[in-house]
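Reviewing the structure listed below.
Numbering (my numbering), first residue to last: 1214 to 1718.
Dropping the structure here:
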């Protein structure tokens, strides 16, 4: 979508529709918007439909001018009870309004800045979240549809009406929203794509395109190279598939930051997970194309980082492979030697995510990182524990875990902390190796974190994000359409952007 600023007196503003927001049971419209509408579209203020509007969250109503006008319609979106208005409700209201504009087959819509005044947060933040929420709500994956393509309408433009030249903070807010949405769309596209298209090779190709767009350094390690390096866990998972596996290393190193210890972002990239020899049931098996949502989130974050040219050294590590049953596939009972030199007894080949991540965590130490964050659809147990509304978060620095959690909450990505007490290690002790890759059925999400913890030196700050439940939405909600969510993109971006404020001292 093309976003443009229109700096005009209200009387000269013209748009197919303008969007504004109303709290429930409000006695009057916000004063700033009332003044703007009184000059730009006075008919809005006397609309009977507006008078009757209930303003429930995400409810929208279309108001029509009774006569020909420069602004012939308005879309009013409800925010719910005034005392309960938050950024999530604003994002949801904007998404509902943008979708209504698309349903009306409009080409573009406008938002006067005055429509965002009077809300319980700074105007710049309201602007950023309204744009982010509106664009997020418009997402759909239709590239593979061949029938009735002409009927698929797209909202093409957004005008931001201002009576004065926009302040730098407002320009930055919109640019940030556009960058983040580009990253979210990328993550959703990758996660939604079918696994016969979205292979490890395609992940490598998309990484290469991204690196070229933004001038990032890129190294691609193939299976033979990974084996030579000693990545015995990653290559074991990969050996059952005919699709080549790749360990992708991407680096953003601004000129003035090249000697800084980097933030390392690691994303699980299982492009299809059958469970391997410990094969999964067939019901809902098609959903296992989503098992690379962690890697997609990292790529999406790197896209946003590149667009914003964040002045921070960042390394992204993406171990990408399928997990397939085959005559050459690894088996329960195998013992794998990892890049860290530790040995792992395989109890279940369906706990493959932690195996590819453990070699990535070990590889990350080569960069002497300031911190490591890994993100993965790691455990079904996380879905049982937290459902699809929150992701699990664990780590070895409580203050960093809380900081990441707070940043996630601020952008609509919820995390719930789980402990990593050493006593949980008892359940993965092995008689034949250093430890097993799974324990019993108890505390499955925590055990996944305990396993990964073995590969992170105590001196390195580390956070593990389990997004098994949040990577996919089974129905439309707020500003997230049904399907791949792109969960994690915003949190990772915010962590990188705000690292100086949250880094462990």
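All C-beta atoms, glycine included, are put in the ideal place defined by N, C-alpha and C.
Per the DSSP secondary-structure output, residue 1366 pairs with nothing in a beta bridge. The DSSP-derived three-state label of residue 1214 is coil.
Within the same chain, and ignoring the five residues on either side of residue 1632 in sequence, the residues whose Cβ sits closer than 7 Å to its Cβ are 1659.
Linking residue 1219 to residue 1226 through their CA atoms gives a straight-line distance of about 8 Å. Cα atoms of residue 1417 and residue 1258: separation of roughly 54 Å, rounded to the nearest angstrom.
Taking C-beta atoms under 8 Å as the contact rule, residue 1617 and residue 1704 qualify, at a distance of about 7 Å. With a cutoff of 7 Å on beta-carbon distance, residue 1476 and residue 1709 are scored as near each other.
The C-alpha of residue 1672 is placed about 31 Å away from the C-alpha of residue 1458. In the displayed model, residue 1255 falls within a helix according to three-state DSSP.
A residue is called buried once 16 or more other Cβ atoms fall within 10 Å of its Cβ, and residue 1480 is buried on that count. In the three-state scheme derived from DSSP, where H, G and I count as helix and E and B as strand, residue 1641 is classed as helix. Collapsing the DSSP output to three states places residue 1623 in a helix.
Boundaries cannot be given for residue 1503, as no alpha helix (DSSP H) includes it and DSSP labels it neither H nor E.
Nearest C-alpha to residue 1575 among 1419, 1443, 1336 and 1387: 1443.
Burial of residue 1542 is indicated by the presence of at least 16 other C-beta atoms within 10 angstroms of its C-beta. Under the three-state reduction of DSSP, residue 1664 is assigned to helix.
Counted as a single uninterrupted DSSP element, the alpha helix (DSSP H) harbouring residue 1571 occupies residues 1566-1577. Taken through DSSP and simplified to helix, strand or coil, residue 1634 comes out as coil.
Under the DSSP definition of a beta bridge, residue 1533 partners with 1459 and 1482. When 1678, 1337 and 1489 are compared, the shortest CA-CA separation from residue 1538 is found for 1489. Restricting attention to 1321, 1310 and 1334, the CA atom closest to the CA of residue 1349 is found in 1310. Ranked by Cα distance from residue 1505, the first of 1573, 1447 and 1533 is 1533. Cα atoms of residue 1307 and residue 1299: separation of roughly 13 Å, rounded to the nearest angstrom.
One Cα belongs to residue 1520, the other to residue 1549, and the distance between them is close to 40 Å. DSSP places residue 1398 within a helical segment (H, G or I) once states are collapsed to three.
By the Cβ-count criterion, residue 1516 is buried, with 16 or more other Cβ atoms from all chains shown falling within 10 Å of its own Cβ. Under DSSP, residue 1648 takes part in a beta bridge, and its partners are 1557. Around the beta carbon of residue 1363, fewer than 16 other beta carbons sit within 10 angstroms, so the residue counts as exposed.
In this structure the stretch 1372-1379 lies against the stretch 1319-1330, because at least three pairs of beta carbons, one per stretch, are closer than 8 Å. Assignment of residue 1550 by DSSP, reduced to helix, strand and coil, places it in the strand class.
Residue range 1231-1237 is occupied by the beta strand (DSSP E) that includes residue 1237, with no alpha helix (DSSP H) assigned at that position. Cβ neighbours of residue 1369 within its own chain (closer than 7 Å, five residues either side excluded): 1214, 1215, 1320 and 1321.
Per DSSP, the beta bridge partners of residue 1286 are 1277. In this structure, residue 1474 sits near residue 1581, with a CB-CB distance shorter than 7 Å. When Cβ pairs closer than 8 Å are counted between the two stretches, the stretch 1625-1640 is seen not to touch the stretch 1551-1571, the count staying below three. Distance from the CA of residue 1448 to the CA of residue 1666, rounded to the nearest whole angstrom, comes to 20 Å.
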